[in-house]
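Asks: In the numbering used here, the protein residues as written are 5 to 190.
Glycine residues also receive a C-beta, built at the ideal position from the N, C-alpha and C atoms.
Quick caveat, the model's predicted, so the values are computed rather than measured.
Right, dumping it as structure tokens:
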């Protein structure tokens, strides 16, 4: 369960200078601390990042970030979400310079891995924030169900099960991965 740990509104600039021991988001000016998600979450994150990084090394169409990469989803009051994995195309990052702080421009793809403390209503709120700010596609990877829910602003959500293959031709041209590969060793 997330815990709010601030009393006054924090800005993005202030947030980026603060040290934290646990994963945190900045949600409408308040720092929200989350419990460490655990080994299964970390393994699935690594697997997803590996598949996407392998694809970007072949395609050179952008960069993959991981480990709570900060994405600004709202201003005044400020919201910064730490997504588990993201892909940013060179089209959205033409200088090919990764920001030291939060991504002010949205990634093309955001991937969130469900952790034991996550609640679906909170996760769906984050999905909507990402889509509202311009993320093209959001994947919710659920280690419990061994499934991936794919969200886009221009179509209905789709659920892919363990025996299916995930593709995203317009966001990740040429990317194809069996859903089961995200759950190796878990």
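(1) Where are the alpha helix (DSSP H) runs, 4 residues long or more, that stay fully inside the region 118-154, in chain order?
(2) Looking only at its chain, what residues have a beta carbon closer than 8 Å to the beta carbon of residue 172, apart from the 5 residues adjacent to it on each side?
(3) Return yes when the Cβ of residue 84 is within less than 8 Å of the Cβ of residue 75, no when it is not.
(4) With a floor of 3 residues, list each beta strand (DSSP E) that falls wholly inside the region 15-99, ordered by position along the chain.
(5) Using a Cβ-Cβ cutoff of less than 6 Å, which residues in the same chain neighbour residue 117 once the five nearest sequence positions on both sides are dropped?
(6) So, are the CB atoms of residue 41 and residue 119 less than 8 Å apart?
(7) Distance check for residue 78 and residue 271, CA to CA, integer angstroms please.
(8) For residue 180, which beta-bridge partners are listed by DSSP?
(9) Starting from the C-beta of residue 8, find all residues in its chain whose C-beta is less than 6 Å away, skip the five residues before and the five after it, and write them out in chain order.
(10) Can the beta-carbon of residue 23 be found less than 8 Å from the beta-carbon of residue 38?
(11) If you draw a straight line from the C-alpha of residue 18 to the C-alpha of residue 65, how long is it?
(12) Go through its chain and collect everything with a Cβ distance to residue 148's Cβ below 8 Å, but skip five positions before and after it.
(13) Relative to the alpha-carbon of residue 86, which residue among 29, 156, 135 and 21 has its alpha-carbon at the smallest distance?
Replies: Looking at the coordinates:
(1) 124-137
(2) 113, 141, 154 and 179
(3) yes
(4) 28-31, 34-37, 66-78 and 83-93
(5) 45, 48, 49, 88 and 145
(6) yes
(7) No answer is possible for residue 271: it lies beyond the span of the chain, which begins at 5 and ends at 190.
(8) 171
(9) Its pLDDT being 49, under 50, residue 8 is placed unreliably by the model, and the measurement read from it follows with that caveat. Same-chain partners within the cutoff: 34 and 36.
(10) no
(11) 32 Å
(12) 118
(13) 29
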